[in-house]
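Enquirer: This is the structure, below, for whatever I ask next.
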Amino acid sequence: MGCTEENKTVLGTYVLREEANVWWKNVKQRLGLEGVAIVWEI
């Protein structure tokens, strides 16, 4: 299947956005309603 670079970029962006949305939905469920501060420090 031949795709233009623009189409590949659009599809890649969509896929990553959807995966990020699923990840965030799961994180919010695990944190619960009280919430927890999320930090990026290790």
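The opening position of the sequence shown corresponds to residue 28 in my numbering, with each subsequent residue numbered one higher.
Backbone N, C-alpha and C define an ideal beta-carbon position, used for all residues, glycine too.
For Ala64, report the span of its alpha helix (DSSP H) as first-last.
Expert: It is not in any alpha helix (DSSP H) - Ala64 carries neither H nor E in the DSSP assignment.
Enquirer: With a Cβ-Cβ cutoff of 9 Å, do Ile69 and Val54 count as a contact?
Expert: Against a cut-off of 9 Å, the Cβ pair of Val54 and Ile69 comes out as no contact.
Enquirer: In the DSSP assignment, find the alpha helix (DSSP H) that holds Leu38 and state where it starts and stops.
Expert: Taken as a continuous stretch (DSSP letters only), the alpha helix (DSSP H) holding Leu38 covers 32-58.
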